[in-house]
Amino acid sequence: MRTPVPTVPTPTIDVEVVESARRGVPNVVLATPSNDGGAPAFGPGGDRLSQDWLPVAGVTGKAGEVAAVPGGRTSDWVLGLGDGAPRAWRSGGAALVRAVDQRAKADQAEGRTVPKAIQLLLPADADAERVGALVLGAALGGYRFKVTGEEPAPRVGTLRLVAPAGADLATLTEAAKLALTSAAATALSRDLANTPSDVKDPEWLAGTAARLADRLAGLTATVRDERWLAEQGFGGVLAVGGGSVRPPRFLELSWKPRGASGQHLVFVGKGITFDTGGISIKPADGMHLMRTDMSGGAAVIAALLAVAERKLPVRVTGLVPCAENHVSGTAYRPGDVVRHYGGTTTEVTNTDAEGRMVLADALAYAVRRLKPSVLVDVATLTGAMKVSLGLRTGGLFATEDELAERITAAGARVGEAWWRMPLLDAHAEDVRGDLADVRQCPPGPGGITAALFLREFTGDLPWAHLDIAGPARSEKVYDEVVPGATGFAARTLVELVASYA
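Going by this note's numbering, the residue at position 67 of the sequence shown is 554; the numbering climbs one at a time, nothing skipped.
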């Protein structure tokens, strides 16, 4: 019997933008450091803080610093915002919710009242960008995904944002709403990637996406099975999925709104629901994390749902080839030649380079059948990208400067960092094959040769490849990120679509 997993999608915090504070709800006072090293400056409500308590508490106002104010049945809070940049607001929102949730757990254990809400007193300079960043951090900082038979720990349910006098409530409310939609996309992407692979097989992943898509008017989902894949010639997906008793699926999500702009964006996400490495088997250390190897596919699914939720007037299609890469007597082998959708053949040299095999089919399908104006793939593709860029920055390859700049700017607006990597044509010949048209995994710089391999299947379209092997998972808490799948790239994809609206 399978262990039940949390409901997908998991809930996020509610946010209200209001004109006045509510009596009895714990207040959050904002603090910023002083320039001369003295006492921090406080926002609204700071005049009610005890001057005797502040030095003892050691409040400095640095970004993400949270302190509970003693006294009364429930605690008030002080939240540091550092330099006041949007990232500091995002980091602060996340730290605040984590601290309040931790206090709620202690309150419940000791029989004290657990507040259902907190209210943050916004300063006069709280614009839409900063409010959005705060809400994004608050919604994601308290994210939890745990498979357990225990009752869930208490958590704050609502964040009330008390606007300053004269503020445009409609503008701030819209900023909070957009931030919650972005946060929900990231949280869903995390949910899908965190789900253990005894539950999450190709059918579950594609079926869950289709179920969620059915809730949104105008978003259609089509799930194709292994028979359709064989009829259409998806040799890469079938080869990778051939070693598992749980057959592959091909998910297509389509958003085609009335009055859409002339652009048609196609996003392709790697959907490997578990990756043993196949016959080129992975080391045991870290293999358990391969449940998150479909993080690219999760980002695409979550992005399409968010685009439909926002009703963005841009046509977008999401493709997710879903498969398990297993070891068995029917697994594909090094030395095999695989024929992809459209006819291009690949000489297999490493079965653990399975991501590019399934992406190649999906990219070729997008070019031949969908004819998009922009093509973007996203995948946890190469360990080389972790070495190059570390664990907090995504690798970006692009055939056009304008597309690369658009993606980088989109990521910056939503707090996701991208660094452009070179498509070095000096290595293009390394990808060309003797036994087959192309070689799957030639020697050389791994991230670059992987991108050059994928380029073989993109025609002459404007194309970008997003390698998220580094930032897709985290073992540490930082900013709005918690340990586990991070949901990286989902927000960037949504913001990229919005940039074409």
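Idealized CB from N, CA, C, for every residue including glycine.
These figures come from a predicted structure and were not determined experimentally.
Exercise for review: Starting from the C-beta of Ala793, find all residues in its chain whose C-beta is less than 6 Å away, skip the five residues before and the five after it, and write them out in chain order.
Suggested key: Counting from 1 along the sequence shown, the entry for residue 793 is found at position 306. Excluding residues within five positions, the ones whose Cβ falls inside 6 Å are Thr668, Ala672 and Val981.
Review point. If Ala696 sits next to Leu740, beta carbons under 8 Å apart, how far is it from one beta carbon to the other, in whole angstroms?
Key: By one-based count along the sequence shown, residue 696 stands at place 209. By one-based count along the sequence shown, residue 740 stands at place 253. Contact holds; Cβ gap of about 7 Å.
Check your understanding: Does the separation of the CB atoms of Ile788 and Gly805 fall below 8 Å?
Key -> Counted from its first residue, the sequence shown places residue 788 at position 301. Counted from its first residue, the sequence shown places residue 805 at position 318. Cβ atoms of Ile788 and Gly805: closer than 8 Å.
Check your understanding: Cα-Cα, which of Leu568, Val546, Leu665 and Ala613 is closest to Val502?
Key -> The residue given as residue 502 occupies position 15 in the sequence shown. That would be Leu665, whose Cα lies nearest to the Cα of Val502.
Practice item. For my contact list, Val649 and Ala508 are in at a C-beta cut-off of 8 Å; report their separation, rounded to the angstrom. Key: One-based indexing of the sequence shown puts residue 649 at position 162. One-based indexing of the sequence shown puts residue 508 at position 21. Right, the Cβ-Cβ distance comes to about 5 Å (below 8 Å), so this counts as a contact.
Check your understanding: What separation, rounded to the nearest whole angstrom, lies between the Cα atoms of Val732 and Val835?
Key -> As a first step, residue 732 is located in the sequence shown; it is residue number 245 there, counting from the start. As a first step, residue 835 is located in the sequence shown; it is residue number 348 there, counting from the start. Cα-Cα distance, rounded: 21 Å.
Check your understanding: Taking Gln606 as the reference, which of Leu791, Gly511 and Gly764 has the closest Cα?
Key -> Translated into the one-based positions of the sequence shown, residue 606 becomes position 119. Per the Cα distances, Gly511.
Exercise for review: Go through its chain and collect everything with a Cβ distance to Gly729's Cβ below 8 Å, but skip five positions before and after it.
Suggested key: As a first step, residue 729 is located in the sequence shown; it is residue number 242 there, counting from the start. Taken in chain order, the residues that qualify are Thr817, Ala818 and Tyr819.
Check your understanding: Between the region 748 to 762 and the region 634 to 648, do at least 3 Cβ pairs fall closer than 8 Å?
Key -> no
Check your understanding: Exposed or buried, which one is Pro958 when buried takes at least 16 other CB atoms within 10 Å?
Key -> Along the sequence shown, one-based indexing puts residue 958 at 471. Looking at its Cβ environment, which holds 16 or more other Cβ atoms inside 10 Å, Pro958 is buried.
Review point. Are the CB atoms of Ala871 and Thr779 nearer to each other than 8 Å?
Key: In the sequence shown, residue 871 corresponds to position 384, counting from 1. In the sequence shown, residue 779 corresponds to position 292, counting from 1. Result no, Cβ atoms of Ala871 and Thr779 do not sit closer than 8 Å.
Review point. What is the rounded straight-line gap between the Cα of Arg677 and the Cα of Gly931?
Key: Translated into the one-based positions of the sequence shown, residue 677 becomes position 190. Translated into the one-based positions of the sequence shown, residue 931 becomes position 444. So the two alpha carbons sit approximately 32 Å from each other.
Review point. Any idea which residues DSSP pairs Asp947 with across the strands?
Key: Residue numbering aside, residue 947 sits at position 460 when the sequence shown is read from its first letter. Answer by DSSP bridge pairing: none, since Asp947 is not bridged.
Practice item. Report the rounded CA-to-CA distance for His827 versus Ala554, giving the unit in angstroms. Key: Taking the sequence shown and counting its residues from 1, the one referred to as residue 827 is at position 340. Taking the sequence shown and counting its residues from 1, the one referred to as residue 554 is at position 67. Taking the straight line from one Cα to the other gives about 57 Å.
Exercise for review: Quick one: give me the first and last residue of the beta strand (DSSP E) that Arg606 is part of.
Suggested key: Against the sequence shown, residue 606 aligns to sequence position 119. One point to set straight first is that residue 606 is Gln, not Arg, in the sequence displayed. Segment Ala604 to Leu608, the beta strand (DSSP E) holding Gln606.
Practice item. Report yes or no: do three or more beta-carbon pairs, one from the region 879 to 888 and one from the region 904 to 919, lie closer than 8 Å? Key: yes
Practice item. Would you check if the region 578 to 585 and the region 623 to 635 touch, i.e. whether three or more CB-CB distances between them fall below 8 Å? Key: yes
Review point. Nearest to Asp921 by CA position, among Lys592, Thr832 and Ala853, is which residue?
Key: Residue 921 sits at position 434 when you count from the first residue of the sequence shown. The residue with the shortest Cα to Cα distance from Asp921 is Thr832.
Review point. Taking Cβ positions, are Val854 and Thr709 nearer each other than 8 Å?
Key: Looking up residue 854 in the sequence shown gives position 367. Looking up residue 709 in the sequence shown gives position 222. No, the Cβ-Cβ distance between Val854 and Thr709 is not below 8 Å.
Review point. Terminal residues of the continuous beta strand (DSSP E) containing Ala518?
Key: Translated into positions along the sequence shown, residue 518 becomes position 31. Unbroken beta strand (DSSP E) run through Ala518: Asn514 to Thr519.
Exercise for review: Go through its chain and collect everything with a Cβ distance to Gly548's Cβ below 6 Å, but skip five positions before and after it.
Suggested key: Taking the sequence shown and counting its residues from 1, the one referred to as residue 548 is at position 61. Correct list, in chain order: Ala518, Thr519, Pro520, Pro527 and Gly567.
Practice item. Tell me whether Gly723 is buried or exposed, calling it buried when 16 or more other Cβ atoms sit within 10 Å of its Cβ. Key: Position 236 of the sequence shown, counted from the start, is the residue given in the question as residue 723. Its Cβ being crowded by 16 or more others within 10 Å, Gly723 is buried.
Practice item. Check Asp917 in the structure and name its three-state DSSP category. Key: Numbered from 1 along the sequence shown, position 430 holds the residue referred to as residue 917. Three-state result, Asp917: helix.
Review point. Roughly how many whole angstroms lie between the Cα atoms of Asp523 and Ser961?
Key: For the purposes of this step, residue 523 is taken as the residue at position 36 of the sequence shown. For the purposes of this step, residue 961 is taken as the residue at position 474 of the sequence shown. Going from the Cα of Asp523 to the Cα of Ser961 covers about 36 Å.
Review point. Quick one: is Leu557 buried, meaning 16 or more other Cβ sit within 10 Å of its Cβ, or exposed?
Key: Numbered from 1 along the sequence shown, position 70 holds the residue referred to as residue 557. Note that residue 557 corresponds to Pro in the displayed sequence, not to Leu. Its Cβ having fewer than 16 others within 10 Å, Pro557 is exposed.
Review point. At which residues does the beta strand (DSSP E) containing Arg826 begin and terminate?
Key: On the sequence shown, position 339 is the one that residue 826 refers to. Start and end: Val824 to Arg826.
Check your understanding: Is DSSP giving Ala613 helix, strand or coil here?
Key -> One-based indexing of the sequence shown puts residue 613 at position 126. Coil.
Practice item. Would you mind listing the alpha helix (DSSP H) stretches within the region 773 to 858 that are 4+ residues and don't spill past its ends, in chain order? Key: 782 to 797 and 841 to 852
Exercise for review: Can you tell me the Cβ-Cβ gap for Ala976 and Ala786, rounded? I've got them flagged as a contact below 8 Å.
Suggested key: Translated into positions along the sequence shown, residue 976 becomes position 489. Translated into positions along the sequence shown, residue 786 becomes position 299. About 4 Å; that satisfies the 8 Å criterion.
Check your understanding: What residues are listed by DSSP as bridge partners for Glu739?
Key -> The residue labelled residue 739 in the question sits at position 252 within the sequence shown. Glu739 is bridged to Thr709 and Leu806.
Point to revise | Span of the alpha helix (DSSP H), counted from its first residue to its last, around Ile894 | key: As a first step, residue 894 must be located in the sequence shown, where it is residue number 407. Residues Asp888 to Val901.
Point to revise | DSSP three-state assignment for Leu911, whether helix, strand or coil | key: Indexing the sequence shown from 1 puts residue 911 at position 424. Coil at Leu911, not helix or strand.
Point to revise | Every unbroken beta strand (DSSP E) within the region 936 to 980, with a cutoff of 3 residues, ordered by chain | key: 950 to 954
Check your understanding: Short check: CB of Ala810 to CB of Val727, under 8 Å?
Key -> On the sequence shown, position 323 is the one that residue 810 refers to. On the sequence shown, position 240 is the one that residue 727 refers to. Yes, they are a contact pair.
**Study point:** Cβ pair Trp564, Pro513 closer than 8 Å
**Key:** Taking the sequence shown and counting its residues from 1, the one referred to as residue 564 is at position 77. Taking the sequence shown and counting its residues from 1, the one referred to as residue 513 is at position 26. Contact flag set, yes.
Point to revise | Alpha carbon of Gly829 to alpha carbon of Gly579, nearest angstrom | key: By 1-based counting over the sequence shown, the position of residue 829 is 342. By 1-based counting over the sequence shown, the position of residue 579 is 92. Spanning the two alpha carbons is a distance of roughly 50 Å.
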